[in-house]
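**Q** Under the working numbering, the residues of the sequence shown are numbered 769 to 1082, in order. Here a beta-carbon is modelled for each residue, glycine too, at the ideal position from N, C-alpha and C.
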Amino acid sequence: MAVPMVQTAVWKMAAADLKSDLDLSTEELRTLLDLASKVKRTPSRFASALAGRYLTLLFEKPSLRTRLTFELAIKQLGGDAVVCIGPIGGREPLKDVARNLDRWTQGIVARVFEQTTIEEMAKWSSVPVINALSDLYHPCQALADFQTILERFGTFEGIKLTFVGDGNNVAHSLMLDASRLGVDFAIATPKGYEPNPGIVAQARAYAENNGVRVTITNDPVEAVSGAHTVYTDVWASMGQEEEASTRHRIFAPYQVTGEMMSAARPDAIFMHCLPAKRGLEVSDEVMEMPRSAVFDQAENRLHAQKALLMMLVK
Ligand code: CP
Ligand code: NVA
């Protein structure tokens, strides 16, 4: 006799969209990570969670992981996706784009240049809008990253996450989630490349409530001292290609090398959202070391986004 499909009830998010990390409350963030781990263990239980739902995936910038893991996540949950690549809103106002897409599909996943594009789409769309990376945030990446940290260390308590490099979108999302999950966060950047002061202030307020710290420094060795995880990202993000050669010169002392890893805890893992530029922000040796978690992070994009879609899409 066929075994009936187990359809698990999922706690829906209070917010209508994921414009930034903060649209998930701390409690919802913990729930999502728990659900992501269940989905990873028993994906078949969730095989019809998005049955009959279609999502639009919009990409103003290139993507490997985000595009493929969203497409796979939606399909493995029983739904389907249409993909649109190129500038959003060039031919017509964003408010019109949003009100076309919400007539055809039950959710919009968008990778954009400007955070305001996400905000405007979310304002006009009657279906959830998910930020798949903007100039300010990369919330879907941070979800997979905290799932990975939890798998590696079994807890967030007493954990220190250090980011070395540019105070960019990925750093902002990690900082906002770390401070809410009770993880100490340190970032070392060259002078002038520190994270957005408004986002730092938000993260520090959460950190204070949770008894952890957000440390901003220009000294990478000081930042990685005592770290359980050393994280880096490209020095020039998508859209900053013209600054690449200047940045490569300025950021050279911030390359994550075996020597820098040895200033962290002996069991410290290496993390990177990928794509990585070996020989720039990270050495080939560190990318390939057994304590490199980069492909676990990439895998967890799939599971964490499944959890997010189930909590957001109606
Ligand atoms: N980490 C990440 O978002 O990868 P893609 O740019 O390939 O989507
Ligand atoms: N900071 C990088 C992340 C890529 C996934 C960028 O925005 O290009």
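Closest by CA to A878, which one among L801, T916 and E887?
**A** When only C-alpha atoms are compared, the closest one is E887.
**Q** Is N936 buried or exposed, if buried means 16 or more other CB atoms sit within 10 Å of its CB?
**A** Its Cβ being crowded by 16 or more others within 10 Å, N936 is buried.
**Q** With a threshold of 16 other CB atoms inside 10 Å of the CB of A1072, please say whether the residue is buried or exposed.
**A** By the 10 Å Cβ count, A1072 comes out buried.
**Q** Taking a contact to mean a Cβ-Cβ separation below 8 angstroms, would you say V1002 touches K959 in this structure?
**A** Against a cut-off of 8 angstroms, the Cβ pair of K959 and V1002 comes out as no contact.
**Q** Taking the alpha carbon of L929 as the reference point, which residue from A866, H1040 and L1077 has its own alpha carbon closest?
**A** When each option's Cα is compared against that of L929, the closest is H1040.
**Q** Spatial neighbours of M1057 within its chain, please: C-beta separation below 8 angstroms, excluding the five flanking residues on both sides.
**A** The answer, listed in chain order, is G1026, M1029 and F1038.
**Q** Between which two residues does the alpha helix (DSSP H) holding A890 run?
**A** Residues Q883 to W892.
**Q** Considering Cα atoms alone, identify which of R798, L949, V895 and H940 is closest to A956.
**A** It is H940.
**Q** Taking only runs that begin and end inside the region 993–1023, name each unbroken beta strand (DSSP E) of 3 or more residues, in chain order.
**A** If we require 3 residues or more, the beta strand (DSSP E) runs fully inside the region 993–1023 come out as 997–1000.
**Q** Since H1083 contacts V938 with CB under 8 angstroms, what's their CB separation in whole angstroms?
**A** Absent from the structure is residue 1083, since the part of the chain shown begins at 769 and ends at 1082.
**Q** Counting pairs of Cβ atoms below 8 angstroms between the region 987–998 and the region 960–974, do you hit three or more?
**A** With a cut-off of 8 angstroms, the region 960–974 and the region 987–998 do not count as touching, because too few Cβ pairs lie within range.
**Q** Does any heavy atom of ligand 2 sit closer than 7 angstroms to the C-beta of V1002?
**A** Correct: V1002 has its Cβ closer than 7 angstroms to ligand 2.
**Q** Return the residue from the list A1036, A849, L1042 and E919 that minimises the CA-CA distance to S1005.
**A** Measuring from the Cα of S1005, the nearest candidate turns out to be L1042.
**Q** Can you tell which of L792, A777 and V778 has its C-alpha closest to the C-alpha of D945?
**A** Ranking the options by Cα distance to D945, first place goes to L792.
**Q** CB-CB under 6 angstroms to V851, same chain, minus the five flanking residues each way: which ones, in chain order?
**A** Taken in chain order, the residues that qualify are L825.
**Q** Does the separation of the CB atoms of M943 and I917 fall below 8 angstroms?
**A** Contact flag unset, no.
**Q** What do you get for G979, buried or exposed, if any count of 16 or more other CB atoms within 10 angstroms of its CB means buried?
**A** Flag for G979 reads exposed.
**Q** Out of A969, P861 and G875, point me to the one whose CA is closest to A900's CA.
**A** When only C-alpha atoms are compared, the closest one is G875.
**Q** Just reading off the alpha helix (DSSP H) that Y974 is part of, what are its end residues?
**A** Y974 -> alpha helix (DSSP H) spans P965 to N978.
**Q** Give a yes or no on whether the minimum CB-CB distance between M1057 and chain B is below 8 angstroms.
**A** The structure shown has no chain B; it contains just one protein chain.
**Q** Short of 7 angstroms in beta carbon distance, which residues of its chain neighbour A784, apart from the five on each side in sequence? Order them along the chain.
**A** The answer, listed in chain order, is P896.
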